[in-house]
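**Q** If you're matching positions, the sequence shown starts at 30 in my numbering and goes up one per residue. Before we start, here is the structure in question, set down as structure tokens.
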Amino acid sequence: MLDSNMIRNIALFGHGNCGKTSLAEAMLYTAGKINRLGKVDDGSSSMDYEDEEISRGISISSSFHNYSWKKHDIFLIDTPGDDNFLNEALFASQVCDSALFTIGAVLGVKGQTVKFANIVKDKNLPMVIAVNKMDRERADFSKTLEEIKTSLPFNPVVIQLPIGAEDDFKGYVDIIGEKAYLFEGDKGTVTETDIPEDLVDEVSVYRENLMEIVAETDDDLIEKFLEEGELSADDVKIGLKSGVVSGAITPVCVCAATRNLGTAPLLDIINSYMPSPVEMKPPSATHPVSGDPVEVKPSTGEPFSALVFKTMADPYAGRLTIFRVFSGTLKGDSFYNSSKKESERFGQLYILEGKEQKPVDTAEPGMIVAVAKLKETTTGDTLCEAGNPVVFEKPVPYKPVISFAVSAKKGEEEKVFSSITKMLDEDLTLKLIRQAQTKQILLSGVGQVHLDTVGTRIKRKFGVQMELEMPKIPYMETIRSSARVQGKHKKQSGGRGQYGDCWIEISPLPGKGYEFEDKIVGGVIPQQYRPAVDKGIQEAMERGVLAGYPLIDIKIVLVDGSFHNVDSSEMAFKIAGSLAFKKGAQEAGPVLLEPIVNMEIRVGKDNVGDVMGDLNSRRGKVMGMDSDAKSEIINAQVPQAEIQSYATDLTSMTGGLGTFSIEFSHYEEVPSHISDKIIAQSSEE
Numbered sequence: 030m031l032d033s034n035m036i037r038n039i040a041l042f043g044h045g046n047c048g049k050t051s052l053a054e055a056m057l058y059t060a061g062k063i064n065r066l067g068k069v070d071d072g073s074s075s076m077d078y079e080d081e082e083i084s085r086g087i088s089i090s091s092s093f094h095n096y097s098w099k100k101h102d103i104f105l106i107d108t109p110g111d112d113n114f115l116n117e118a119l120f121a122s123q124v125c126d127s128a129l130f131t132i133g134a135v136l137g138v139k140g141q142t143v144k145f146a147n148i149v150k151d152k153n154l155p156m157v158i159a160v161n162k163m164d165r166e167r168a169d170f171s172k173t174l175e176e177i178k179t180s181l182p183f184n185p186v187v188i189q190l191p192i193g194a195e196d197d198f199k200g201y202v203d204i205i206g207e208k209a210y211l212f213e214g215d216k217g218t219v220t221e222t223d224i225p226e227d228l229v230d231e232v233s234v235y236r237e238n239l240m241e242i243v244a245e246t247d248d249d250l251i252e253k254f255l256e257e258g259e260l261s262a263d264d265v266k267i268g269l270k271s272g273v274v275s276g277a278i279t280p281v282c283v284c285a286a287t288r289n290l291g292t293a294p295l296l297d298i299i300n301s302y303m304p305s306p307v308e309m310k311p312p313s314a315t316h317p318v319s320g321d322p323v324e325v326k327p328s329t330g331e332p333f334s335a336l337v338f339k340t341m342a343d344p345y346a347g348r349l350t351i352f353r354v355f356s357g358t359l360k361g362d363s364f365y366n367s368s369k370k371e372s373e374r375f376g377q378l379y380i381l382e383g384k385e386q387k388p389v390d391t392a393e394p395g396m397i398v399a400v401a402k403l404k405e406t407t408t409g410d411t412l413c414e415a416g417n418p419v420v421f422e423k424p425v426p427y428k429p430v431i432s433f434a435v436s437a438k439k440g441e442e443e444k445v446f447s448s449i450t451k452m453l454d455e456d457l458t459l460k461l462i463r464q465a466q467t468k469q470i471l472l473s474g475v476g477q478v479h480l481d482t483v484g485t486r487i488k489r490k491f492g493v494q495m496e497l498e499m500p501k502i503p504y505m506e507t508i509r510s511s512a513r514v515q516g517k518h519k520k521q522s523g524g525r526g527q528y529g530d531c532w533i534e535i536s537p538l539p540g541k542g543y544e545f546e547d548k549i550v551g552g553v554i555p556q557q558y559r560p561a562v563d564k565g566i567q568e569a570m571e572r573g574v575l576a577g578y579p580l581i582d583i584k585i586v587l588v589d590g591s592f593h594n595v596d597s598s599e600m601a602f603k604i605a606g607s608l609a610f611k612k613g614a615q616e617a618g619p620v621l622l623e624p625i626v627n628m629e630i631r632v633g634k635d636n637v638g639d640v641m642g643d644l645n646s647r648r649g650k651v652m653g654m655d656s657d658a659k660s661e662i663i664n665a666q667v668p669q670a671e672i673q674s675y676a677t678d679l680t681s682m683t684g685g686l687g688t689f690s691i692e693f694s695h696y697e698e699v700p701s702h703i704s705d706k707i708i709a710q711s712s713e714e
């Protein structure tokens with residue numbers, strides 16, 4: 030059994046190409062967990078092991094591993110850095126105790142860096158910043174540090190100053206202990222040396238700054254600092270740990286992961302300054318029945334509780350359920366799912382080590398573990414003891430912002446949609462709906478790369494091809510004036526004929542759907558045939574009269590007609606109603622309607638002008654503006670037809686910094702010049 034005080038639970042965050050996965054690989058190698066230093070570029074990394082990750086050279090899913098270092102047990106979550114998989118980082122932030130935030134010394138702070146920084150800051154996670162890739166051409170520590178200070182919501186304090194850069198990156202100065210170290214070999218080890226003369230003054234400035242920031246975390250320390258003008262190394266370490274755990278201070282260190290330079294000192298920093306599960310307050314919990322708050326204590330002696338934050342679909346092993354333990358000790362072969370109010374049995378408990386699964390007998394606070402083939406449990410569920418039920422708040426994914434029509438080759442439809450359903454369990458960002466107006470099935474996600482990746486995964490895991498295409502816009506039709514028309518169906522072909530005759534008044538009914546009123550006086554149409562007129566009209570409404578789209582917001586009044594004692598039937602009057610409606614709709618000024626969506630767009634101040642101009646070019650209407658501490662907020666209404674590729678376009682306009690959400694608002698009449706094109710295209714099809 031592990032000691033919870035010696036456990037560290039860390040997620041790596043940062044934008045794409047900052048070297049998170051390479052750093053995780055170097056940490057595992059330095060700690061002796063793996064015996065060779067894998068590389069992302071050649072597909073040999075133990076953390077990026079899925080085919081899609083290897084082919085694209087990026088992380089797509091959060092991956093998990095663990096290592097031991099100087100009697101500490103560390104559980105790692107390596108999160109993707111691409112916008113398309115932002116939800117992976119969001120969910121990881123809800124279950125980790127601390128963050129290792131990675132920033133490349135060449136690219137520095139990018140738009141996506143700010144997004145990930147806001148996720149970490151919102152959770153107030155204790156954090157260390159690793160300035161990575163110090164060995165690369167154009168690596169610039171000072172410039173990167175300045176960008177961190179001006180662009181990110183952290184309070185950075187340098188605890189390691191690099192010695193050299195690019196090919197000459199050979200060591201660092203420990204600001205706390207005022208000692209210099211040079212890298213030695215490929216195991217991440219270092220040897221002590223004198224501080225280079227050209228860095229002595231700079232080290233002094235950084236140490237003064239470090240002491241000032243650390244002193245502010247504690248009344249005794251600030252009093253000592255003001256009296257003596259100095260803090261000992263031990264004082265600094267105590268204050269730094271306190272500041273990191275509270276989220277008030279973010280230490281900055283340096284490394285070059287692919288060459289395994291600076292990794293061992295980073296492992297020491299994690300042990301020394303990152304909190305154990307015992308030092309962190311678990312997420313708030315409530316009683317599943319009463320809703321009253323329940324205090325969860327991160328101790329092995331408390332009742333067991335855990336949160337499921339990821340599900341992985343596997344065609345062979347079945348569904349793999351991954352959860353973080355917050356309290357108590359899990360042992361045995363069952364637990365209670367308080368979200369589903371069901372008890373679940375499991376066969377074996379595992380620790381995930383890249384693509385491998387290591388069996389374990391127990392799990393305790395801070396550990397990330399997995400079980401296979403649960404029947405009821407899904408992502409977001411709380412696991413606990415039946416006698417001590419609690420419910421944690423479910424992770425809420427970002428809403429999807431792009432949709433494609435999904436189809437399959439003939440004969441593979443059932444298998445494709447069954448596979449997509451399995452992916453919905455794995456990825457809560459995905460949504461699958463049937464669009465009634467266009468008869469298309471839509472798959473929605475956070476970006477085209479996101480949906481393309483789902484397609485390649487389905488092909489690899491389940492052997493079927495999912496095909497995506499730009500979806501049709503769900504236009505509607507309506508009328509703008511009134512008409513009185515006759516619909517008459519008369520057919521004689523020997524024997525019994527068909528006869529139905531009705532007069533209807535058709536008029537607009539804005540915003541109220543459909544209404545049918547029977548005003549027949551006397552028996553000109555018998556009662557048993559009148560519902561058939563209504564049914565025929567409703568079926569005709571589904572097909573429209575302009576471009577084949579459904580008609581809405583119409584009132585029909587049945588006013589007159591005639592019948593034949595022998596030849597009239599429900600079918601005849603149904604056809605008569607359909608004929609009357611088509612004729613009346615054509616005479617009542619039919620128009621095409623398009624869906625309008627509400628958009629909330631969040632961008633930096635520098636991008637507001639470009640985004641507003643772009644919205645105008647998309648026939649959008651800006652409804653208002655607001656701002657918060659992080660961004661400018663533009664609220665607009667835009668035709669759905671104009672924003673089908675907006676996710677990609679906004680990324681281009683804002684350098685990846687912009688985000689948006691959409692929801693349906695209402696339907697509006699399509700401008701005539703656009704309507705003519707849509708009708709013409711429909712006729713061709």
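Cβ atoms here follow ideal geometry from the backbone N, Cα and C, with glycine treated the same way.
(1) Can you tell me whether R463 is buried or exposed? The criterion is at least 16 other CB atoms within 10 Å of its CB, across all chains shown.
(2) If you compare alpha carbons, which of E414, E393, T131 is closest to G45?
(3) Between the C-alpha atoms of H593 and F545, what's the straight-line distance to the nearest angstrom?
(4) What's the C-alpha gap between G684 and N636?
(5) Run through the stretch 644 to 700 for me and flag every whole alpha helix (DSSP H) of 4 or more residues, listed as ranges in chain order.
(6) Pick out whichever of N153, V160, A121, P700 has its Cα sitting closest to the Cα of P182.
(7) Mind checking D107: buried by the 16 CB within 10 Å criterion, or exposed?
(8) Between T292 and F333, how many whole angstroms is the CB-CB distance? I'm expecting something under 8 Å.
(9) Any heavy atom of the ligand NAP closer than 7 Å to the beta-carbon of D657?
(10) Alpha carbon to alpha carbon, how far is I192 from I39?
(11) With a CB to CB cut of under 7 Å and the five nearest residues on each side skipped, what residues in its chain are close to L575?
(12) When you compare only the Cα positions, how much space is there between V232 and E207?
(13) So, using beta-carbon positions, are N184 and C47 closer together than 8 Å?
(14) State the start and end residues of the unbroken alpha helix (DSSP H) segment that holds Q255.
(15) What's the gap between the Cα of E498 and the Cα of S448?
(16) Quick check: what's the CA-CA separation for E166 versus P394?
(17) Going by C-alpha to C-alpha distance, which of R486, V354, I691 sits closest to V430?
(18) Can you tell me the Cα-Cα spacing of A285 and T218, whole angstroms?
(19) Counting only runs that start and end within the stretch 498 to 528, where is the beta strand (DSSP E) found for 3 or more residues in a row?
(20) I need the boundaries of the beta strand (DSSP E) containing H479, first residue and last residue.
(21) With a 10 Å radius around its C-beta and 16 neighbouring C-beta atoms as the bar for buried, classify Q141 as buried or exposed.
(22) What are the boundary residues of the beta strand (DSSP E) that includes R353?
(23) Give, in chain order, every unbroken run of the alpha helix (DSSP H) that is at least 4 residues long and sits entirely within the stretch 67 to 116.
(24) Specify, as a first and last residue, the run of the alpha helix (DSSP H) that D297 falls within.
(25) How would you label E455, buried or exposed, when you count the other beta carbons within 10 angstroms and need 16 or more for buried?
(26) Note down the Cα distance separating V186 from V283, rounded to an integer number of angstroms.
(27) Specify the secondary structure class of G590 as computed by DSSP and reduced to three states.
(28) Does the Cβ of V318 have 16 or more other Cβ atoms within 10 Å, making it buried, or fewer, making it exposed?
(29) What residue from V475, N238, L295 has the CA that sits closest to L129's CA?
(30) Give the secondary structure of P311 by DSSP, where H, G and I count as helix, E and B as strand, and everything else as coil.
(31) Which residue wins for smallest C-alpha separation from P304, given the options M35, P668, L290?
(32) Which of the three DSSP states is assigned to K428 in this structure?
(33) CA-CA distance, V483 and S90?
**A** Looking at the atomic coordinates:
(1) In the sequence shown, residue 463 corresponds to position 434, counting from 1. Exposed is the call here.
(2) Locating residue 45 in the sequence shown gives position 16, counting from the first residue. Of the candidates E414, E393, T131, the one whose C-alpha sits nearest the C-alpha of G45 is T131.
(3) Position 564 of the sequence shown, counted from the start, is the residue given in the question as residue 593. Position 516 of the sequence shown, counted from the start, is the residue given in the question as residue 545. Rounded to the nearest angstrom, the two C-alpha atoms are 24 Å apart.
(4) Looking up residue 684 in the sequence shown gives position 655. Looking up residue 636 in the sequence shown gives position 607. Approximately 9 Å, taken between the alpha carbons.
(5) Taking only runs of at least 4 residues, the alpha helix (DSSP H) segments lying wholly in the stretch 644 to 700 are 675 to 683.
(6) For the purposes of this step, residue 182 is taken as the residue at position 153 of the sequence shown. The option with the nearest alpha carbon to P182 is N153.
(7) Here residue 107 refers to the residue found at position 78 of the sequence shown. So D107 counts as buried.
(8) Along the sequence shown, read from residue 1 onward, the residue named residue 292 stands at position 263. Along the sequence shown, read from residue 1 onward, the residue named residue 333 stands at position 304. At roughly 35 Å, the Cβ-Cβ gap does not stay under 8 Å, so T292 and F333 are not in contact.
(9) As presented, the structure is devoid of all ligands, the ligand NAP included, so that no description of it is given.
(10) As a working mapping, residue 192 is identified with position 163 in the sequence shown. As a working mapping, residue 39 is identified with position 10 in the sequence shown. Using only the alpha carbons, I get a separation of about 27 Å.
(11) By one-based count along the sequence shown, residue 575 stands at place 546. Cβ neighbours of L575 beyond the five flanking positions: E506, P619, L621, I708.
(12) Here residue 232 refers to the residue found at position 203 of the sequence shown. Here residue 207 refers to the residue found at position 178 of the sequence shown. For V232 and E207, the gap between their C-alpha atoms comes out near 8 Å.
(13) Within the sequence shown, the letter at position 155 stands for residue 184. Within the sequence shown, the letter at position 18 stands for residue 47. Result no, Cβ atoms of N184 and C47 do not sit closer than 8 Å.
(14) Residue 255 sits at position 226 when you count from the first residue of the sequence shown. The displayed chain sequence assigns Leu, not Gln, to residue 255. For L255, the enclosing alpha helix (DSSP H) has its first and last residue at 248 to 257.
(15) One-based indexing of the sequence shown puts residue 498 at position 469. One-based indexing of the sequence shown puts residue 448 at position 419. One C-alpha to the other measures close to 18 Å.
(16) Within the sequence shown, residue 166 is the residue found at index 137, counting from 1. Within the sequence shown, residue 394 is the residue found at index 365, counting from 1. CA-to-CA, the gap between E166 and P394 works out to about 42 Å.
(17) The residue given as residue 430 occupies position 401 in the sequence shown. For the residues R486, V354, I691, the minimum Cα distance to V430 belongs to I691.
(18) If you number the sequence shown from 1, residue 285 lands on position 256. If you number the sequence shown from 1, residue 218 lands on position 189. Straight-line spacing of the CA atoms in A285 and T218 works out to 13 Å.
(19) Every beta strand (DSSP E) stretch that sits fully inside the stretch 498 to 528 and reaches 3 residues is listed by chain position as 505 to 508, 512 to 520.
(20) The residue you call residue 479 lines up with position 450 of the sequence shown. Premise fails: H479 lies in the alpha helix (DSSP H), 477 to 491, not in any beta strand (DSSP E).
(21) The residue given as residue 141 occupies position 112 in the sequence shown. Label assigned to Q141: buried.
(22) For the purposes of this step, residue 353 is taken as the residue at position 324 of the sequence shown. First-last of the beta strand (DSSP E) with R353: 347 to 356.
(23) 80 to 85, all fully within the stretch 67 to 116.
(24) Residue 297 sits at position 268 when you count from the first residue of the sequence shown. Counting along the chain, the unbroken alpha helix (DSSP H) around D297 starts and ends at 292 to 302.
(25) Locating residue 455 in the sequence shown gives position 426, where the first residue counts as 1. Taking a 10 Å sphere around the C-beta of E455, we find 16 or more other C-beta atoms and assign the residue as buried.
(26) Mapped onto the sequence shown, residue 186 falls at position 157. Mapped onto the sequence shown, residue 283 falls at position 254. In a straight line, the C-alpha of V186 is about 12 Å away from that of V283.
(27) Here residue 590 refers to the residue found at position 561 of the sequence shown. DSSP places G590 in strand when its eight states are reduced to three.
(28) Residue 318 sits at position 289 when you count from the first residue of the sequence shown. Under this definition V318 is an exposed residue.
(29) As a first step, residue 129 must be located in the sequence shown, where it is residue number 100. With distances taken between Cα atoms, L129 lies closest to L295.
(30) Translated into the one-based positions of the sequence shown, residue 311 becomes position 282. The answer is coil: DSSP assigns P311 none of H, G, I, E or B.
(31) As a working note, residue 304 is residue 275 in the sequence shown. When each option's Cα is compared against that of P304, the closest is M35.
(32) Taking the sequence shown and counting its residues from 1, the one referred to as residue 428 is at position 399. Residue state, collapsed to three classes: coil.
(33) For the purposes of this step, residue 483 is taken as the residue at position 454 of the sequence shown. For the purposes of this step, residue 90 is taken as the residue at position 61 of the sequence shown. V483 and S90: Cα-Cα distance of roughly 11 Å.
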